[in-house]
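See below for the structure under consideration.
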Amino acid sequence: MVSVQQLVNRLITQCRHYLNTALKDKLSQAQISVQLCGLALAFALVASGVIILFRLLLQWLNTFTHTQAWDFTDNFSDWRVLLPLFGGLLIWLVALLGSKRYKRMGIAYVMHRMKLHYGKIPLQSAPGQFFQALFALASNFSVGREGPAIHLGAVSASVMAEKFQLPDNSVRIMCASGIAAGIAATFNAPLAAVIFVFEVILREYKVHYFFPIMLSAICGALSSQLVFGNIHEYEQIGIDQIPLSQYPILALCGLTLGCIAALFNHSLLMVTAKGQQWPLFARLMLAGLVTCAIGLLLPQALGSGELAISYAISEHPSLWILVGLLIGKIIATIAAIGLGIPGGIIGPLFGIGALIGAILAIISAQFFPGISPYIGLYTIIGMTAMMGVCLSAPLAALVALLELTHNAAIILPSMFVTIPAFLIAHQAFNTQSLFYKQMELMGLDYKIAPVKLGLQKTGVRAIMDKRFVIVKDNDELLLEVLKRAEGRSVLMRNHQGEIEMLQLELQHDDSKSTLSRHPIQGVADSSTLKEVYEILAIERRGEVFVYQGEADNIVGVIGWSALQKQINSGQI
Numbered sequence: 034m035v036s037v038q039q040l041v042n043r044l045i046t047q048c049r050h051y052l053n054t055a056l057k058d059k060l061s062q063a064q065i066s067v068q069l070c071g072l073a074l075a076f077a078l079v080a081s082g083v084i085i086l087f088r089l090l091l092q093w094l095n096t097f098t099h100t101q102a103w104d105f106t107d108n109f110s111d112w113r114v115l116l117p118l119f120g121g122l123l124i125w126l127v128a129l130l131g132s133k134r135y136k137r138m139g140i141a142y143v144m145h146r147m148k149l150h151y152g153k154i155p156l157q158s159a160p161g162q163f164f165q166a167l168f169a170l171a172s173n174f175s176v177g178r179e180g181p182a183i184h185l186g187a188v189s190a191s192v193m194a195e196k197f198q199l200p201d202n203s204v205r206i207m208c209a210s211g212i213a214a215g216i217a218a219t220f221n222a223p224l225a226a227v228i229f230v231f232e233v234i235l236r237e238y239k240v241h242y243f244f245p246i247m248l249s250a251i252c253g254a255l256s257s258q259l260v261f262g263n264i265h266e267y268e269q270i271g272i273d274q275i276p277l278s279q280y281p282i283l284a285l286c287g288l289t290l291g292c293i294a295a296l297f298n299h300s301l302l303m304v305t306a307k308g309q310q311w312p313l314f315a316r317l318m319l320a321g322l323v324t325c326a327i328g329l330l331l332p333q334a335l336g337s338g339e340l341a342i343s344y345a346i347s348e349h350p351s352l353w354i355l356v357g358l359l360i361g362k363i364i365a366t367i368a369a370i371g372l373g374i375p376g377g378i379i380g381p382l383f384g385i386g387a388l389i390g391a392i393l394a395i396i397s398a399q400f401f402p403g404i405s406p407y408i409g410l411y412t413i414i415g416m417t418a419m420m421g422v423c424l425s426a427p428l429a430a431l432v433a434l435l436e437l438t439h440n441a442a443i444i445l446p447s448m449f450v451t452i453p454a455f456l457i458a459h460q461a462f463n464t465q466s467l468f469y470k471q472m473e474l475m476g477l478d479y480k481i482a483p484v485k486l487g488l489q490k491t492g493v494r495a496i497m498d499k500r501f502v503i504v505k506d507n508d509e510l511l512l513e514v515l516k517r518a519e520g521r522s523v524l525m526r527n528h529q530g531e532i533e534m535l536q537l538e539l540q541h542d543d544s545k546s547t548l549s550r551h552p553i554q555g556v557a558d559s560s561t562l563k564e565v566y567e568i569l570a571i572e573r574r575g576e577v578f579v580y581q582g583e584a585d586n587i588v589g590v591i592g593w594s595a596l597q598k599q600i601n602s603g604q605i
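First residue of the sequence shown: 34, per our numbering; consecutive thereafter.
What follows is the structure, given as C-alpha cells:
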C-alpha cells in the first residue's frame, strides 16, 4: 500500500512539475489566462495588506500630531511648529541607515524599472520608502500618499513574482497589478487605479493586461473598504450641473490653468535639478525650514492637500487668503518634492488645482454673478486639469476625480477645461510629464526600441522548440545522429563546457554533406524574447538554448527564423 508520506511526496512533485513546466509555459504567452489572473489576485492581497498597514500607522501617528487641525497663527509656541524639521531629520536618519544602493524610490524610479527591468524592484528599497514616506506625511510636508502606494505595491508584487520564479513578461504584469492594488487601497478608486497604470506607468494598452490589473484594483478597493469603510474623499463637495451658457468662461479658465500648470512644472523641475547637486541632509533641512515658515503663516497650505481643499470649498472663502494659500502651497510643494522629500505629487496637485479653481470662480463671479453657486464644481475642474496637465494623464485625472467625488456631473465640464489647458501647456510652453522629466534629471533611462518593447511581452517558453537531442563530443557517429534527428535540433557540449549547435551542410553537387558546429549562448527560461533578440540580432542568424535553473538543464532551443516569424506575426 502507498503510505501518506508517499502520496504527499507525489503531490509535491506534481506541483513542482506544474510550476516549472505547464504554468511557466502558460504565463510565457502574451495571452489572458486564469493562472495569470489568479496570481495577480494573490499578489494584490499582499500589496493591499502592505498599504493598509501603512495607512493605519499614518493614522496612528496623526493621533499625536493632529496635523489635520493644524493652526499656529495664534500659538507659535506649539511644538508642532518644528514638526517638518523633525520629519526631515528622521528621513535623513532612515536614509543614513539604509544602503546607498537602494536610495532611489518613488514613481519615476518605478517607471524606470517597469520600462527596462520588467518591474523588478529590490526588496531592500521598500523599508526606506515605507518609513521615509511615513515620516514625510506625518510631519505634514506637501507630498501625496500615492508615491509610497505605487512603490510599495510594485515591490510587494515583483518580489513575490520573483520568489515564484515567474517568467519576466508576467513579472511586469504582476508589478503593474501590485501598483493598481496599492492605488486602489489608498484612495478607494479602483477604476482610476487601472487607468493610471495604463496611462502613466505602462503607457500602452494590451488586452491580456486588463483582467489581472482590474482584479488587483478591485482587491485593493475592497481591502480599503473593509478597513476604512466605503469612503469617497471629495464626496462632500457640492457639485451642480453647470449651464451651457457658462462654457465660454470655462474655456478661459482652462487656458489660465494650463499656463499655471506649465509654470509649476518648470519651477519644480528647476529646483529638482539644482537640488541634485546638494547633500541630502542640506536638502532635507532646507525643505523642512521652508515648510515650517509657510506653516507659521498659512498652515492650510501644508499637508497632502486636504486642508487647502477644505478651505477652497468652505462658505464665502476670502479671495486674498485663497491667493496666499495658492502661493504657499506651490512653494511648499516645490520645496518638498524638488528637494527630495519622499512622497507623491498628486495630492498637492489636487490642493493647488482646487485653490486655482476657487479663485477663478470668485473672480468670474464678480462679472457674472450666476457662477457663484458653482464654486465647488470649479474646484474639482481645477484639480482635474492640474493633474491631467502636469502628469500628461488627462483620462486618469478625470476618472480619479469622478470616483473621489462620486458625481458624474463633473465629466463634461472637466473634459471641456482640460483640453485647452493641456494644449496650451504642451504646445505653447512645451510642458512634458513630470515623471519622465524627473527620470531624465535622475539619470534613469526609460527609452526602448518598439520591437524590443513588443518582445518583452512574450516569454521564451512560448516559442522555444522542445524537440532537441544532446550528444557527447566524443561521439563518433555524430553525422549519423544528425541524419536521424528528423528535424530536431542537435546540441553538443564540448570539452570546454560550451554548448554547440550541430548542423548538416550540403555541398554544391548535393552528393555530400559536411558537419558544421558553432557555439550558442543560453538564456534562462524566465527570460523574454527581447533577450533572445539582443543575442541573435547582431548577425541575424543562429540559435540560443533555453535552460531551467542551471545551464546544464536545457529545456528548449530558439532559432532566428522562429524569432523572426514571431516578429512578423504582428502579435508584438
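Beta carbons: idealized from backbone N, C-alpha and C, even for Gly.
Taking the alpha helix (DSSP H) that residue i falls in, what are its first and last residues?
{"i": "residue 146", "result": "140-149"}
{"i": "residue 504", "result": "Taken as a continuous stretch (DSSP letters only), residue 504 belongs to no alpha helix (DSSP H), being part of the beta strand (DSSP E) at 501-505."}
{"i": "residue 590", "result": "Not the alpha helix (DSSP H): residue 590 falls in the beta strand (DSSP E), residues 587-592."}
{"i": "residue 343", "result": "339-345"}
{"i": "residue 27", "result": "Given a span of 34 to 605 for the chain in the structure shown, any question on residue 27 remains unanswerable."}
{"i": "residue 457", "result": "From DSSP, residue 457 is part of no alpha helix (DSSP H); its letter is neither H nor E."}
{"i": "residue 58", "result": "56-61"}
{"i": "residue 377", "result": "Careful: residue 377 lies outside any alpha helix (DSSP H) and carries neither H nor E."}
{"i": "residue 358", "result": "352-371"}
{"i": "residue 127", "result": "116-130"}
{"i": "residue 278", "result": "Neither: residue 278 is in no alpha helix (DSSP H) and is coded neither H nor E."}
{"i": "residue 259", "result": "240-261"}
{"i": "residue 323", "result": "313-330"}
{"i": "residue 225", "result": "223-229"}
Only counting the same chain, and skipping five residues up and downstream in sequence, which positions put a Cβ closer than 8 angstroms to that of residue i?
{"i": "residue 505", "result": "525, 526"}
{"i": "residue 391", "result": "345, 346, 350, 355, 408, 411, 412, 415"}
Which residue or residues does DSSP assign as beta-bridge partners of residue i?
{"i": "residue 574", "result": "Residue 574 is not bridged to any residue."}
{"i": "residue 549", "result": "536"}
{"i": "residue 579", "result": "556, 589"}
{"i": "residue 498", "result": "590"}
{"i": "residue 492", "result": "561"}
For residue i, report the span of its beta strand (DSSP E) as first-last.
{"i": "residue 66", "result": "First-last for residue 66: undefined, no H or E at that position."}
{"i": "residue 557", "result": "554-557"}
{"i": "residue 523", "result": "522-526"}
Assuming residue i contacts residue j under a Cβ cut-off of 8 angstroms, what Cβ separation, rounded to an integer in Å, is found between them?
{"i": "residue 362", "j": "residue 385", "result": "5 angstroms"}
{"i": "residue 441", "j": "residue 435", "result": "7 angstroms"}
{"i": "residue 87", "j": "residue 163", "result": "6 angstroms"}
{"i": "residue 159", "j": "residue 127", "result": "Between residue 127 and residue 159 the Cβ distance is about 12 angstroms, and since that is not below 8 angstroms, they are no contact."}
{"i": "residue 306", "j": "residue 474", "result": "5 angstroms"}
{"i": "residue 606", "j": "residue 423", "result": "Only positions 34 to 605 of the chain appear in the structure, and residue 606 is not among them; the question remains open."}
{"i": "residue 359", "j": "residue 389", "result": "6 angstroms"}
{"i": "residue 183", "j": "residue 242", "result": "Their Cβ separation, rounded to whole angstroms, is 17 angstroms, which puts residue 183 and residue 242 out of contact at 8 angstroms."}
{"i": "residue 191", "j": "residue 139", "result": "Contact flag wrong, Cβ pair sits at about 15 angstroms."}
{"i": "residue 589", "j": "residue 498", "result": "6 angstroms"}
If I measure Cβ to Cβ from residue i and keep anything under 7 angstroms in the same chain, skipping five residues before and after, which residues do I get?
{"i": "residue 116", "result": "98, 172, 173"}
{"i": "residue 592", "result": "576"}
{"i": "residue 11", "result": "Given that the chain is displayed from residue 34 to residue 605, the structure contains no residue 11 and the question cannot be resolved."}
{"i": "residue 401", "result": "282"}
{"i": "residue 394", "result": "404, 407, 408, 411"}
{"i": "residue 596", "result": "562, 565, 566, 569"}
{"i": "residue 230", "result": "209, 212, 213, 246"}
{"i": "residue 272", "result": "409, 410, 413, 438, 440, 442, 443"}
Can you give me the Cβ contacts of residue i inside the same chain, cut-off strictly under 6 angstroms, excluding the 5 residues immediately before and after it?
{"i": "residue 328", "result": "335"}
{"i": "residue 552", "result": "531, 533"}
{"i": "residue 374", "result": "169, 174, 176, 320"}
{"i": "residue 432", "result": "224, 225, 228"}
{"i": "residue 165", "result": "124, 127, 375"}
{"i": "residue 253", "result": "81, 214, 217, 218"}
{"i": "residue 24", "result": "Missing from the structure shown is residue 24; the chain here goes from 34 to 605 and no further."}
The ligand HEM and residue i: does any heavy atom of the ligand fall closer than 7 angstroms to the residue's C-beta?
{"i": "residue 438", "result": "Although the ligand HEM was asked about, the structure shown includes no ligands whatsoever."}
Curious, which full-length alpha helix (DSSP H) runs of at least 4 residues does the stretch 400-432 contain?
408-423
Enumerated in chain order, which unbroken segments of the alpha helix (DSSP H) with a length of 4 residues or greater are wholly contained in the stretch 136-214?
140-149, 158-171, 179-196
Could I get the ranges of all uninterrupted alpha helix (DSSP H) runs contained in the stretch 278-309, with 4 residues as the minimum, in chain order?
280-308
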